[in-house]
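Chains as they are written, first to last, in my numbering: chain W, 894 to 1618; chain L, 2 to 138; chain S, 8 to 335.
Where a beta carbon is used, it is the ideal one built from N, C-alpha and C, also for glycine.
Have a look at the structure below, then the notes.
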Amino acid sequence: MNSIKEALLAKEHLKDVEITLLYMDIRSFGKGFEEYYNRAKEEGIKFVRGKASEVRKENDNLVIRVENTESGQIEDMETDLVVLTPPLLPAQNIGDLAKILDLKLDENGFFKPDQVNVLPLQGTKEGIFLCGVATGPKDIADSVAEASGAASGALSYVKEKSHPSVEIPEKGGEGEPMIGVFVCHCGNNIAGVVDVADVAEYSEGLENVVHGEDMLFACADSTIDQIIETIKEKNLNRVIVAACSPQTHGDLFMDALIKAGLNPYLFEMANIRNHCSWVHANEPEKATEKSKTLVRMSVARTNLSEPLIGEKSSVTKSALVIGGGIAGITAALDLDAQGIDVTLVEKEKEVGGRLRELHLLSPEGVEASKLLKQKLGELKKSNVKVLTSAQVEDVKGYVGNFTVGTSLNGEVVHEEFGAIILAIGSDLYQPKEFGYREYENVITNLELEEQMNKGALENKKVTFIQCVGARNDEYPGCSRYCCETAIHQAAQVAEKCKVNFLYRDVRTFGKGAEENYKKASEKGAMFFRFVDDPEFDGKDVRVKDVFSGMELALPTDLLVLSAAMRPNVETVDKLVEMMKVPLSEEGFLMERHVKLGPVESTIAGVFLAGCAAGPKRIDETVASASGAAAKAAALLSKDEILVSPIVAFVKEDNCRWCARCSEVCPYSAIEIVEVEGGKVARVNSAMCTGCGACVVECPTSAMIIRGFKDEQIEAEIDAMMEEVA
Amino acid sequence: MTWEPSILVFCCNWCSYTGADAAGISRYQYPPNVQIVRVMCSGRVDPGFVLRAFHKGADGVLVTGCHPGDCHYQTGNVQAEKRVEMLKVLIDQLGIQSDRLGLEWISAAEGQRFANVITDFVSKVRGLGPLNGGEGL
Amino acid sequence: MAKRDLTDDELVWNCLTCKLCQNYCPEDVDFIGFIKDVRGISRDNGGKPEYTHGEMMQTMARIVASGKFRQNKLGWLDKSKVSTDGEVALWIGCAPYVDTALKEVGSDQVQITQSAIELLNKIGIKPRILEEEVCCGHDMLWIGEEETFEELKDKNLEVLSESGISKLVFTCPEGYEVMKHYYPNMDVELAHISEVISDYVDEGKATFDPYEAKITYQDPCRLGRFLGIYDQPRKVLEQIPGIELVEMERNRSRSRCCGVSAWINCNQNSKKMQLQRMEEAVNAAHTLVTNGPKCITHFNCVKNENGFEKEIEFIDWTVIVSQTLRGV
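This is the structure we're talking about:
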């Protein structure tokens, strides 16, 4: 995946460059990765499935000898540059550390989790937790989720918890604005396109800008210290960082202002990376001009900024976990271990979710029923309040103060919670292809688990087909779990049956999965790669094998379809209706940030565990559930939180109590109250979300949104249209 | 120098602004003629802002928000739609082609769509010519 | 003691410029002229009013003043009812814009303009419509935005002199007032529609269909105190059989404003003032006849809002007269 990204970036920087990517399997299994891979193909990057045997130099050129494993041909490829993608290896002195900590390593030299499936973050010694690449190769999103999960594990041992309280300076910005503009190179991300020094210099000529500077990485620790120093040294009372998105980095710089003694709302970001250098990569001059305009707009807005302080709001110290599968159970147990009151709501009669339907779990063959029993036992011993046959009917309120209505035995009970974890799981695709439901001998991989639960298969010809309902036009994403699961199944079935396994790419990236792949081959399972969909007539599977180029007819007694993981539409729809949780393109719940906030939703106080946010394997599900629990616990450890100050307030003199504002408010945060001689609109700032609908609806400029005042937006518009000097 | 349109794009904090960020992350390229003003919700776009932009010389204004039903604030995008409809009539009366004002729904995940929408809108406005060109007295 | 900074002082902007004060001033000080000039000074120093409706109305005037665009505001016009070469023109002004922008408030100003065309047709006049006319500039003048006003005025003077018309008729007293007092050397005769019809009644030719209602009449500030037109509209209403015309407690030169002027500083006081005025109207009659499109828009606004549930009907003078006057 990283290679695809680099190939596409190179292509964007050098339009005419020809790029060939040699691969064995395309393992673009992350969220949105498959779509990215498809785009790379559209952009003209050539993908060749092949092994390189040597690179030699011929007449100043490099020549690679490649075995094209699809055509079977040995080819020589001329190239100007060879980029190698080495594997991720265990850290150099991991062995020493393992000795010191008395931890076991696995056969590849990474730390060994205690139990791959249920305790993926627990080392082989109690009280020591593992995360990220320590246990094996991983991408950023999974590492971040695991890191939160490991923290959750560690916290369950920590009895005394205290929060260093940060006082937010109420003041700053008095007197004439003294604005500092810091323009970020973001390494080459911005500076490779935009003339950042020019932008910094330009900023110094703008109204009330007293300092303009460009810096390599504005978000680096040392640079932030430098910004804080400059604020103090030059008496800056407003700060602009021209860099990336406030969505991802705003908080970081706001913290810097706090450290410098300034109110954080005197900070503004100009997004010259995501909205400029990255999207105008081929027009450096125009991108530089645009960056100047973006900075000019920010300066105009910042000149009108005011220090803002949100109101304090109490926190209800209990959590609600919606969904009682392995994700929900894990999250609930983690929170319970930290002494937090937890309610677990499950719509079915029993908790356990998908685990109830599984037989042996990949990679080690742990019995699912045993695991479930263990978890149910833990649940029983815990203080978790478990509600089964229960459904969440309505959710009101806001971070720290949710009121949730749950229907139980036909009665809706309302209860207060400070945080909500969504562990709603996923659905499996119901195949419409390969004669499923038409031929009795076509089953899904889940139904195979059921059969294996009843007893081993014997003397049959079993064929597996992968990617059923995934990686197609309708649904481009990879379901992640199925290569590993199906191969684990194939290895078991191959003991007493003839197994053929049809796949597009083998994506056995999980711990121990690649080893199972090898094991299945050793037991005689035959693997065939296909590009065009196979066909089944009830007796034979017909497929064109990519490697031999032959049309094969595989006699099949039992056809097993690996069904894609899809969003749990019914539940998702209900959540969207109740809570307005945003969805990603494939219909799963959207994370705050795919990489930096994988277990948080975009709604404050609402967290995501397991497959709710996208397909996951069991260990990933458990890790993300612990991660969500850690995030929820961090919130619930506070006695009070500051509500965002970006809220509406009423300039009462201007109010003619027409009530248009309260009619349009989606959160019923505005009331019309009696005052002497008339009435006036009043805003409940804890309920207000700052959307600004009331401001536009108000005919008399009586409604104002702090931080997004009319004047600020108007100043931006005016500044945009000013000619560049 | 050949004329290039200046276009103001209002993005809502939750969907289209994040969509614009996503376009960046995926490096989807689009013309640099647009400047984004971030508002919390498309329902925050005051008709006065749109008129102001045209008065100041913007060749086009694009209001973007969450898809119907996806608004982070439930109904802000419905409000935005109502106002854009009104504004289209109003600017037409004032002598500004109504095509210079656009409304598009872009989710936080739709980086590609963001780039496509911008590319299309820029080319549409470029086709209309400068604000005071086609429709001038 | 520090000097009072008038730049941001709300008294500068809260004034309705309704001229009621000058009724009582023993020295006849031109207080509202003073306010107008202070507003200009305040604006130069960065002051500004509390704009209503997101500053849309003012921005529209500025867009029109820029002279860059060919307006397209006459889509509703029935061309068979107007002439292209007559000597009498009817001023359209901002009515179509306001209707579009304030549809939700219930603005129906074009209906008043259409009624005026009907009314003029009935007395044998096919009015000219000046397609090139721009905003009269009244509001811009009174909010101290002189540069925009000057641009509008110059453009209108050019349009009027090129048109060859001899008389310009208004439904809105504001355009009439601003042209009469602030457009120099006008050789075009200006008249409010109520003056035109009053003259027609005086000629003895007018007959009316009955209209059963107890009516009270709201004097718009510009039409009454600024232009002294109190009698003509009342006289015409009294000609309509079935109308019982009664006065509110405060009427004619003591009349109270509809609450807002120039689309600025509509606030707590405006509402209270409007509620008081509604109270007076309800005490006197069931129907309030106004004589300015903006007045009726403002009154409709109060009626749509919470805080006033009593029964009262609003109708514009031009509309009621065009409904009842019999054609020749």
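Alpha carbon to alpha carbon, how far is residue j from residue i? Give it in angstroms, no decimals.
i	j	result
Gly128 of chain L	Val1566 of chain W	52 Å
Gln78 of chain S	Glu140 of chain S	9 Å
His68 of chain L	Tyr29 of chain L	20 Å
Pro1139 of chain W	Asn1167 of chain W	10 Å
Pro180 of chain S	Gln225 of chain S	13 Å
Glu905 of chain W	Leu977 of chain W	20 Å
Ile327 of chain S	Gly100 of chain S	21 Å
Ala102 of chain S	Asn298 of chain S	14 Å
Which class does residue i belong to by DSSP, given the choice of helix, strand or coil?
i	result
His1104 of chain W	strand
Thr972 of chain W	strand
Gln65 of chain S	helix
Arg263 of chain S	coil
Leu332 of chain S	strand
Trp106 of chain L	strand
Ile957 of chain W	strand
Tyr189 of chain S	helix
Ala1523 of chain W	helix
Ile1313 of chain W	strand
Val326 of chain S	helix
Ala81 of chain L	helix
Glu320 of chain S	strand
Cys1077 of chain W	strand
Lys1432 of chain W	coil
Ile37 of chain L	strand
Arg101 of chain L	helix
Thr913 of chain W	strand
Glu195 of chain S	The identity of residue 195 of chain S in the sequence shown is Val, whereas the question assumes Glu. Here Val195 of chain S sits in coil by DSSP.
If the cut is a Cβ gap below 7 Å, which residues of chain W does residue i touch?
i	result
Thr19 of chain L	Gln1140
Ser277 of chain S	Arg1549
His60 of chain S	Pro1592
Since residue i and residue j are thought to touch, with beta carbons under 8 Å apart, how far apart are those beta carbons, to the nearest angstrom?
i	j	result
Leu1501 of chain W	Leu1482 of chain W	6 Å
Gly1046 of chain W	Ser1036 of chain W	15 Å between Cβ atoms; not a contact.
Ala900 of chain W	Leu914 of chain W	6 Å
Ile1124 of chain W	Val1132 of chain W	6 Å
Phe1295 of chain W	Ile1313 of chain W	6 Å
Leu95 of chain L	Val71 of chain S	7 Å
Can you list the residues of chain W that residue i reaches, using a CB-CB cut of under 8 Å?
i	result
Thr3 of chain L	Result: empty, since nearest Cβ-Cβ is about 12 Å, beyond 8 Å.
Ser7 of chain L	Met1613, Met1614
Residues of chain L with a CB under 7 Å from the CB of residue i: which are they?
i	result
Leu1528 of chain W	In chain order: nothing, as chain L lies at least about 20 Å away.
Pro1559 of chain W	Tyr74, Gln75, Thr76
Asn52 of chain S	Those do not exist, as Asn52 of chain S stays about 21 Å from chain L at its closest Cβ, beyond 7 Å.
Gly1585 of chain W	Val40, Met41, Cys42, Gly44, Arg45
Quick one: list the residues of chain L neighbouring residue i, beta-carbon separation under 8 Å, in chain order.
i	result
Ala108 of chain S	Pro48, Met87, Leu91
Arg1166 of chain W	Gly25
Val1588 of chain W	Arg45, Asp47
Pro103 of chain S	Gln94
For residue i, which residues in chain S fall below 7 Å Cβ to Cβ?
i	result
His55 of chain L	According to the sequence provided, residue 55 of chain L is Phe. The question's His does not apply to it. Ile70, listed in chain order.
Asn1547 of chain W	Glu57, Asn274
Under 9 Å between C-beta atoms, does residue i make it to chain B?
i	result
Ser99 of chain L	This model lacks chain B altogether; the protein chains it does include are W, L and S.
At 9 Å on the CB atoms, spell out the chain W contacts of residue i, in chain order.
i	result
Glu154 of chain S	Chain W residues near Glu154 of chain S: none, gap ~16 Å exceeds 9 Å.
Glu312 of chain S	Arg1549, Trp1550, Cys1551, Ala1552, Arg1553
Can you pull the chain S residues whose beta carbon is under 9 Å from the beta carbon of residue i, in chain order?
i	result
Gly1570 of chain W	Gln275, Lys279
Any beta strand (DSSP E) of 3 or more consecutive residues that is wholly inside the stretch 203-227 of chain S: 220-224
Write down every uninterrupted run of the alpha helix (DSSP H) in the stretch 1169-1198 of chain W whose length is 4 residues or greater and which is fully enclosed by it, in chain order. 1177-1195
Just to confirm the assignment: which complete alpha helix (DSSP H) runs, minimum length 4, are found wholly within the stretch 19-103 of chain S? 27-31, 38-51, 63-72
Can you give, in chain order, each stretch of the alpha helix (DSSP H) that sits fully within the stretch 1453-1511 of chain W and has at least 4 residues? 1462-1472
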